[in-house]
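Residue numbers (mature numbering (1 follows the signal peptide of the UniProt record, and there is no 0)): -27 to -1, 1 to 350.
Here it is, written out as structure tokens:
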């Protein structure tokens, strides 16, 4: 029934846009409307049923974007209709104080780590699975940019959805049962600071910087606030179509759990699922890509590698690894990303280890294939 409702909604939206003759056009009131429709092919090479069928091809998502301006004021939002769920990715109002300063309020992107993404693939980098890449929360952000120096200062009250909900775009701290363990934690009162500097010399462009995040963890059972932090150093360099991304970060979730709970792990929820991660550790990312122009568009070939090393009191916890080799094809409104994912002791990419940084349940590197087909309007 949920899929039927989703299809009816997508058809209704398409008919509405057609009747209004809207196709990424700028309306008289300064409103821009666009979006995408995507389908996804996937095959788990560690799953016999998936291999026997030759994988699965499913509807992925319909996205609608609204961007509008009125003088120095503006708004930006994206809403997603995915299979079995729909959710807001971002939605905020903003004010341009001058050409260098902008103030945002609402669900906006958390400024932590490499600006943009610390990945090239559709699958994202390993930091995403702990809530440190392409994350969005509810709060206020000030953005300064003079072309070289870029500063983000932000405060977030909480995640964009209830802590017991898993439909947030990127994982947040989860309040519920995960792998048989009941967690009672909620993220709240978060501060972020990110500073970058852009160096340009001929064909070389390098963005270097650092990020700091600090927030609280409220436990509904003990009614006490724990805390959490993350720090990162990052670099994104481009030269004649080549791109190199480097990032090193450390994080810790220090929750005030009831007596007897294992404080070496914590539950996270997002992207339609919930899982456990080591409560403290380091994440290292090394990504390399090359973009090649073609007569019909471009091809980007890439390899994204990440490792998470747990740093807890439980010596049985193991490293988690993720490597994504792929290519992105761009031709007009068409964008295709083909990924070959390898994972070890890593959620979403292994058969037996639906966690990050906990003790391995066995098995080495698992593989899966994912191809995402998108049409952008």
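Even for Gly, the Cβ is constructed at its ideal location relative to N, Cα and C. Just so it is clear, the structure is predicted and the values come from calculations on it, not from any experiment.
Since residue i contacts residue j with CB under 8 Å, what's their CB separation in whole angstroms?
i, j, result
"residue 181", "residue 208", "5 Å"
"residue 127", "residue 134", "Their Cβ separation, rounded to whole angstroms, is 18 Å, which puts residue 127 and residue 134 out of contact at 8 Å."
"residue 77", "residue 113", "7 Å"
"residue 15", "residue 343", "5 Å"
"residue 157", "residue 130", "Actually they are not in contact, since the Cβ atoms of residue 157 and residue 130 sit about 19 Å apart, beyond 8 Å."
"residue 48", "residue 66", "5 Å"
"residue 256", "residue 88", "The Cβ separation is near 17 Å, so there is no contact."
Residues in the same chain with beta-carbon distance under 6 Å from residue i, minus the five sequence neighbours each way, listed in chain order, please.
i, result
"residue 261", "217 and 276"
"residue 293", "281, 318, 319, 329 and 330"
"residue 346", "12 and 309"
"residue 297", "94, 96, 277, 312 and 314"
"residue 108", "83 and 143"
"residue 187", "164 and 202"
"residue 316", "295, 322, 323 and 339"
"residue 10", "35 and 348"
"residue 258", "91, 98, 220 and 279"
"residue 46", "68"
"residue 151", "240, 247 and 249"
"residue 271", "264 and 303"
"residue 198", "189 and 191"
Since residue i is in the alpha helix (DSSP H), which residue starts that stretch and which ends it?
i, result
"residue 23", "21 to 26"
In the DSSP assignment, find the beta strand (DSSP E) that holds residue i and state where it starts and stops.
i, result
"residue 83", "From DSSP, residue 83 is part of no beta strand (DSSP E); its letter is neither H nor E."
"residue 181", "177 to 192"
"residue 135", "Segment: none, residue 135 is in no beta strand (DSSP E) and carries neither H nor E."
"residue 118", "109 to 118"
"residue 63", "58 to 69"
"residue 32", "29 to 43"
"residue 6", "4 to 17"
"residue 210", "197 to 212"
"residue 294", "293 to 304"
"residue 310", "307 to 317"
"residue 104", "Note, residue 104: premise wrong, no beta strand (DSSP E); not H, not E."
"residue 232", "It is not in any beta strand (DSSP E) - residue 232 carries neither H nor E in the DSSP assignment."
"residue 148", "148 to 151"
"residue 253", "253 to 266"
"residue 215", "215 to 227"
"residue 50", "46 to 55"
"residue 277", "271 to 283"
"residue 331", "Segment: none, residue 331 is in no beta strand (DSSP E) and carries neither H nor E."
"residue 240", "238 to 243"
"residue 348", "339 to 349"
If you count every other CB in all the chains shown that lies within 10 Å of the CB of residue i, and 16 or more means buried, which is it?
i, result
"residue 334", "exposed"
"residue 266", "exposed"
"residue 29", "exposed"
"residue 123", "buried"
"residue 245", "exposed"
"residue 192", "buried"
"residue 307", "exposed"
"residue 213", "exposed"
"residue 251", "buried"
"residue 288", "exposed"
"residue 104", "buried"
"residue 184", "buried"
"residue 155", "exposed"
"residue 174", "exposed"
"residue 8", "buried"
"residue 196", "exposed"
"residue 62", "buried"
Going along the chain, which residues of its own chain have a beta-carbon closer than 7 Å to the beta-carbon of residue i, five neighbours each way excluded?
i, result
"residue 17", "23 and 341"
"residue 286", "237"
"residue 325", "334, 335 and 336"
"residue 118", "73"
"residue 43", "3"
"residue 299", "94, 275, 310, 311, 312 and 313"
Can you list, in chain order, the residues of its chain whose CB lies under 8 Å from that of residue i, leaving out five sequence neighbours each side?
i, result
"residue 139", "147, 242, 243, 244, 245, 246 and 247"
"residue 132", "110, 111, 141, 145, 146 and 160"
"residue 178", "171, 172, 210, 211 and 212"
"residue 332", "287, 289, 290 and 291"
| request: Check whether the region 54 to 72 touches the region 22 to 34, counting contact only when three or more Cβ pairs, one atom from each stretch, lie closer than 8 Å. | output: yes
| message | Taking 8 Å as the cut-off, does the region 224 to 244 touch the region 67 to 85 (at least 3 CB pairs, one atom from each stretch)? | response | no
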